[in-house]
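Working notes, beginning with the structure itself.
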Amino acid sequence: MTVILFIVFLFVTSVSSHGLYVPGQSCVDMNPAGHLDSEGNKAFSQTVSSPYKISINSTTYTANSVIEVFVYANGDHGYDFYEGMLLQVRRADCDHTSKDVSVGTFMLNTGEDFLTTMSCTNLDDTVGHMAHAHIYNRTFYWKAPPMTEGPLFIRATIARRQRTFWMNVVSEFIMDPGSSITPETCTEPPTTCSAKIHKMSMLLVLAMTVFIFLTFHLD
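Letter by letter, the sequence shown follows residues -17 to -1, 1 to 202 of mature numbering (1 follows the signal peptide of the UniProt record, and there is no 0).
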């Protein structure tokens, strides 16, 4: 029985360490961990068009330049405010090895009480929320890195409530005048987590199969 429990422990440990809530994974896929639907199951991104928009005051950048970012609700589907946000600037080059790494840094207005800067890969490279409130719009600022990185775009996950959110909300391209790369929007399929759930389920089934097999063969 000790052998059985040890093997089951190994499988459960494997599920836990590679399951749905991998630390820092939201920095990569921008899929909010812990968001549940009305029945307590994992919530997924909405598939209808997003009622949230991202506008910028410049579609080009240079080293260390600053761009104003405005995130707002346009009222589609009756949603005129949002309650949560995770936002980064990404490379608009899907073949780049660092396409999932945020570029540049963010700066917030003095007295900001809803948003906060976060550090996923580098200091202040992400904007997230630190409170839950009905927000109609927010303005903040992005500062380009000391060296340009080719074409970029803003990518965000914006939530109306815990179970209602939109992934892959994007801005216009932010072009690097010195780059010849054709920009493309690199986003994460909204159903990414279903593959992780399937993997977790398969590991649990395998663990139970081993348990039953050893129970009958070691007694």
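For glycine and all other residues, C-beta sits at the position ideal for the given N, C-alpha and C.
Taking all protein chains in view, the Cβ of Gly67 is crowded by 16 or more other Cβ atoms within 10 Å, so the residue is classified as buried. Only residues of its own chain outside the window of five on either side were considered, and among them Ile50, Ala127, Thr131, Leu135, Ile157, Met158 and Asp159 have a CB closer than 8 Å to the CB of Tyr44, listed in chain order. Counting every other CB atom within 10 Å of its CB across the protein chains shown gives Tyr119 a total below 16, marking it as exposed. The stretch 75 to 120 contains, as complete beta strand (DSSP E) runs of 3+ residues, the segments 88 to 90, 98 to 101 and 109 to 112 (chain order). Sorting Gly133, Val84 and Thr147 by C-alpha distance to the C-alpha of Gly161 places Gly133 at the top.
Membership of Val11 in the alpha helix (DSSP H) is indicated by the continuous run Gln8 to Asp12. Where Ala56 is concerned, the enclosing beta strand (DSSP E) starts and stops at Val49 to Ala56.
Ranked by Cα distance from Val72, the options Ser33, His112 and Ile39 are led by Ile39. Between Thr140 and Val153, the gap from beta carbon to beta carbon reaches 8 Å or more. For a cut-off of 8 Å, the C-beta gap from Thr80 to Leu106 is around 21 Å, too long to register as a contact. DSSP places Gly133 outside both helix and strand once states are collapsed to three, so it counts as coil.
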